[in-house]
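Here is the structure we will look at.
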Amino acid sequence: MTKEKSEKFELRLYIAGQTPNSVAAIRNINKLCKEYLDGKYTIEVIDLLVTPQLAAGDQIVAIPTLVRKIPRPIRKIIGDLSNEEKVLVGLDIRTLEK
Amino acid sequence: MKGKSKRSEISNVLPKLPTGIEGLDEITEGGLPAGRPVLVCGGAGCGKTLFAIQFLTKGVTEYNEPGVFMSFEETRKDLAQNVKSLGVDLEKLIRDKKLVVDHVRVERSEIEETGEYDLEGLFIRLNYAIDSIGAKRVVLDTIESLFGGIPNAAILRSEIRRLFFWLKEKGVTVIITGERGEQTFTRQGLEEYVSDCVIFLDFRVINQISTRRLRIVKYRGSTHGTNEYPFLIDENGISVLPITSLKLSHKLSKDIISTGLPSLDKLFYKNGIYKGSSTLISGTAGTAKSILASYFAAQSCARKEPTLYFSFEESPDQLVRNMKSVGINFESYLKSNLLQIHSARPSLQGLEMHLLVMHKLIREHKPHAVIVDPISSLLSVGSFSEVRDMLIRLIDLLKLSRINAFFTALTHEGNVEEKEVPVNAVSSLADVWINLDNEMQQNRRVRSLRVVKARGMGHETEAKRFSITNKGIIMEDVR
Numbered sequence: 002m003t004k005e006k007s008e009k010f011e012l013r014l015y016i017a018g019q020t021p022n023s024v025a026a027i028r029n030i031n032k033l034c035k036e037y038l039d040g041k042y043t044i045e046v047i048d049l050l051v052t053p054q055l056a057a058g059d060q061i062v063a064i065p066t067l068v069r070k071i072p073r074p075i076r077k078i079i080g081d082l083s084n085e086e087k088v089l090v091g092l093d094i095r096t097l098e099k
Numbered sequence: 264m265k266g267k268s269k270r271s272e273i274s275n276v277l278p279k280l281p282t283g284i285e286g287l288d289e290i291t292e293g294g295l296p297a298g299r300p301v302l303v304c305g306g307a308g309c310g311k312t313l314f315a316i317q318f319l320t321k322g323v324t325e326y327n328e329p330g331v332f333m334s335f336e337e338t339r340k341d342l343a344q345n346v347k348s349l350g351v352d353l354e355k356l357i358r359d360k361k362l363v364v365d366h367v368r369v370e371r372s373e374i375e376e377t378g379e380y381d382l383e384g385l386f387i388r389l390n391y392a393i394d395s396i397g398a399k400r401v402v403l404d405t406i407e408s409l410f411g412g413i414p415n416a417a418i419l420r421s422e423i424r425r426l427f428f429w430l431k432e433k434g435v436t437v438i439i440t441g442e443r444g445e446q447t448f449t450r451q452g453l454e455e456y457v458s459d460c461v462i463f464l465d466f467r468v469i470n471q472i473s474t475r476r477l478r479i480v481k482y483r484g485s486t487h488g489t490n491e492y493p494f495l496i497d498e499n500g501i502s503v504l505p506i507t508s509l510k511l512s513h514k515l516s517k518d519i520i521s522t523g524l525p526s527l528d529k530l531f532y533k534n535g536i537y538k539g540s541s542t543l544i545s546g547t548a549g550t551a552k553s554i555l556a557s558y559f560a561a562q563s564c565a566r567k568e569p570t571l572y573f574s575f576e577e578s579p580d581q582l583v584r585n586m587k588s589v590g591i592n593f594e595s596y597l598k599s600n601l602l603q604i605h606s607a608r609p610s611l612q613g614l615e616m617h618l619l620v621m622h623k624l625i626r627e628h629k630p631h632a633v634i635v636d637p638i639s640s641l642l643s644v645g646s647f648s649e650v651r652d653m654l655i656r657l658i659d660l661l662k663l664s665r666i667n668a669f670f671t672a673l674t675h676e677g678n679v680e681e682k683e684v685p686v687n688a689v690s691s692l693a694d695v696w697i698n699l700d701n702e703m704q705q706n707r708r709v710r711s712l713r714v715v716k717a718r719g720m721g722h723e724t725e726a727k728r729f730s731i732t733n734k735g736i737i738m739e740d741v742r
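If you're matching them up, the sequences are chains A and B in order.
Going by the numbering used here, the first sequence opens with residue 2, and the numbers climb by one from there.
Going by the numbering used here, the second sequence opens with residue 264, and the numbers climb by one from there.
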């Protein structure tokens, strides 16, 4: 657990064009990261309409999907990320703070 | 005017896409509905994945149509391994850009769900795979697995509906596999979404013998065979055996061939039997049925005609040795490959499997003569009607291919009615029927032979006595 603390969060958000779900997901994750992971994260937004070849690599089926690449293990959160509580649990940020 | 009406007639006919799966295109009268989704369902191990993959690989090798395999269960590596035994080099097809395999894995444990989403990712992957090689055929194997991974079944259902619609728009022919449900064809009721064509595969064990069957449950806008068709999975993949596609329209020959025994030939007024006819030899145990069959085989080989001998009771070595003792020498014919002897215990596999194996060997070896010795032993693996069906199909196949057929059938002394099923099954189908006997007369067995029938020619009706010596069969008092 101590090791995880020092680790930076590496996140990837997969979207498909500017759909309402995708736009909401981008807004929600940016807000959440600033609030809880200030300075300890990188986030990459991948639009699969532009780079469809990237979908298979991270096993993307649902859109939007947020992938936590680091810390391991890989976690995935699907949906527009509107439920902050669920996203925090999904990313394991809550347990980090304890 | 005429031309116009003709054109509209043609456009009414549903365009079909040949699968390349042996026998299937015959049953479906041309193949699967082109540009539409087809549901292939059945229980575990029924051969759905194989069916699907063969649809793709045949598409590539026979119709030059690239394909996409979207696997929700097996990895690409497993898949390649599994089809290797069928002589399909999946990796090569992938390298040659004829095939794309995309393994979709959705792990419930690593997924958290929050808010609205759709399955656009799946569409994008499929679209990308299709466009990257210009695929015409697509397989989704088994999309129902997503129900285990995607938490929201309502979203999943509406997205699957959208996916099938989208695939139709895309103009690709799709096979969707589904696991059999308890009350429904598939667990998640996929048949609701796929309304054009549903094929059901079945794997049954009856009397400890496994049989695979295929049934076309639904084929909108097309006639199709409605029977259950047996199918076989072997080193060449799936082959389906159409039951009803054979018709009584074979051309007949007027040529006469010898039975291999000149003294027997003389009993027929044309001095032999018709080429391409089927002959039944019946008799109780030890009446020299196999010997007569072997005469026939040897004669066929002597004419330099490839001959196939199915021996259900003796091994090839045993048969060769036993026939040598009565002066019939098979060794040189075996060496030159003119004669092939196949031995298999009847109980090894179901009737259909026997028929399919025979079918295959006949196709490979292209024999002019086929001997089945004895057909009665097949009765141990099926009921009367099944055996009869099978024999009709076999005889039809042989007739269509104008092969000289020779069957032996074991009858039993005593209660005739019940036990002479194999004879009853074939005697009406056979063109020539010869019955053998060895009756007890004054402490001595007297062998005799009688031509019961010979279609299209006169024959002696009297029983002829004969004896077996180390030089073969010696007929008594023949003109």
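Think of the CB as a built atom: it goes at the ideal place given N, C-alpha and C, for glycine as much as any other residue.
*When the Cα of E725 (chain B) is compared with those of B:K716, B:I374, B:A668, B:E337, which residue comes out closest?*
B:K716
Check: How about Y15 (chain A) and I64 (chain A): are their beta carbons less than 8 Å apart?
Finding: Contact: yes.
Closer than 7 Å at the beta carbon, the chain B residues around I79 (chain A): I374, E376, Y380
When the cut-off is 8 Å and only beta carbons count, does R28 (chain A) lie next to chain B?
no
Using alpha carbons as the reference points, say which of B:N390, B:G306, B:L295, B:N698 lies closest to T258 (chain B).
The shown model of chain B, from 264 to 742, leaves out residue 258 (chain B), and the question about it has no answer.
For the alpha helix (DSSP H) that contains G384 (chain B), what are its first and last residues? Where G384 (chain B) is concerned, the enclosing alpha helix (DSSP H) stretches over 383 to 396.
Practice item. Would you tell me roughly how many angstroms separate the C-alpha atoms of V709 (chain B) and G500 (chain B), rounded to the nearest one? Key: 51 Å
- Query: Taking Cβ positions only, does G384 (chain B) come closer than 8 Å to chain A?
  - Reply: yes
Task: Contact list for the segment 48 to 80 of chain A against chain B, Cβ threshold 8 Å - done: L49, L50, P53, Q54, A56, A57, Q60, I61, V62, A63, I64, P65, T66, P74, I75, R76, K77, I78, I79, G80
### Message
Which residue marks the beginning of the beta strand (DSSP E) containing P493 (chain B), and which one marks its end?
### Response
491 to 497
Going by C-alpha distance, which of B:K623, B:R566, B:V346 is nearest G286 (chain B)?
B:K623
By a C-beta neighbour count over all protein chains shown, 10 Å radius and 16 as the cutoff for buried, is N706 (chain B) buried or exposed? exposed
>> Our contact map puts F729 (chain B) next to T542 (chain B) with C-beta atoms below 8 Å; I'd like the distance itself, whole angstroms only.
In response: Rounded, the Cβ-Cβ distance is 17 Å, inconsistent with contact.
Open item on the list: Nearest by alpha-carbon distance to G613 (chain B): which of B:G523, B:T674, B:M653 is it?
Closed with: Answer by Cα proximity: B:M653.
### Query
Roughly how many angstroms separate the alpha carbons of G91 (chain A) and I44 (chain A), rounded to a whole number?
As the crow flies, the alpha-carbon of G91 (chain A) is around 16 Å from that of I44 (chain A).
Margin query: Is there a Cβ of chain B sitting closer than 8 Å to that of D22 (chain A), yes or no?
Written below: According to the sequence shown, residue 22 (chain A) is Asn rather than Asp. It does: the Cβ of N22 (chain A) has a partner Cβ on chain B nearer than 8 Å.
Query - D365 (chain B) at chain A interface by Cβ criterion, 8 Å - result: Yes, contact with chain A.
Next item on the list: Would you please verify whether the beta carbon of V331 (chain B) is less than 8 Å from any beta carbon of chain A?
Entry: no
According to DSSP, is E379 (chain B) part of a helix, a strand, or is it coil? E379 (chain B): coil per DSSP, three-state reduction.
| message | Taking the alpha carbon of D81 (chain A) as the reference point, which residue from A:A26, A:P21, A:G18, A:Q19 has its own alpha carbon closest? | response | Nearest of A:A26, A:P21, A:G18, A:Q19 to D81 (chain A), Cα basis: A:A26.
Query - the segment 657 to 668 of chain B / the segment 531 to 547 of chain B touching (three or more Cβ pairs under 8 Å) - result: yes
Q: Report, in whole angstroms, the separation of the C-beta atoms of E615 (chain B) and T474 (chain B), which I expect to be a contact under 8 Å.
A: 6 Å
query = Looking at the C-beta of I406 (chain B), does it have a partner C-beta in chain A at a distance below 8 Å?
reply = no
Suppose the cutoff is 7 Å on Cβ atoms and the five residues either side in sequence are ignored; what does the same chain contact list for M621 (chain B) look like? F573, L657
So R713 (chain B) packs on C460 (chain B), CB below 8 Å; how close in whole Å? With a Cβ gap of about 54 Å, R713 (chain B) and C460 (chain B) do not count as contacting.
Which one or two residues does DSSP pair with M738 (chain B) in a beta bridge? B:F729
Worksheet entry | Positions along the segment 81 to 92 of chain A whose CB lies within less than 9 Å of some CB in chain B | Among the residues of the segment 81 to 92 of chain A, those with a Cβ less than 9 Å away from any Cβ of chain B are D81, L82, S83, N84, E85, E86, K87, V88, V90, G91, L92, in the order of the chain.
Would you please verify whether the beta carbon of N390 (chain B) is less than 8 Å from any beta carbon of chain A? N390 (chain B) counts as touching chain A.
*Where do the ends of the beta strand (DSSP E) carrying M703 (chain B) lie?*
695 to 704
(message) According to DSSP, simplified to helix, strand and coil, what is A607 (chain B)?
(response) Of the three classes helix, strand and coil, the one that applies to A607 (chain B) here is coil, per DSSP.
Cβ pair count under 8 Å reaching 3, the segment 385 to 396 of chain B against the segment 360 to 372 of chain B:
yes
Pairwise C-alpha distance: G293 (chain B) and L277 (chain B)
10 Å
Which bits of chain A does I413 (chain B) rub up against, with CB to CB less than 9 Å? V62, A63, I79
Enclosing beta strand (DSSP E) for H366 (chain B) [first to last residue] = Segment 362 to 366, the beta strand (DSSP E) holding H366 (chain B).
Q) With respect to the beta strand (DSSP E) encompassing C309 (chain B), which residues constitute its N-terminal and C-terminal limits? A) Looking at the DSSP string, C309 (chain B) is not in any beta strand (DSSP E), and its letter there is neither H nor E.
Spell out whether any CB of chain B is found under 8 Å from the CB atom of Y42 (chain A).
no
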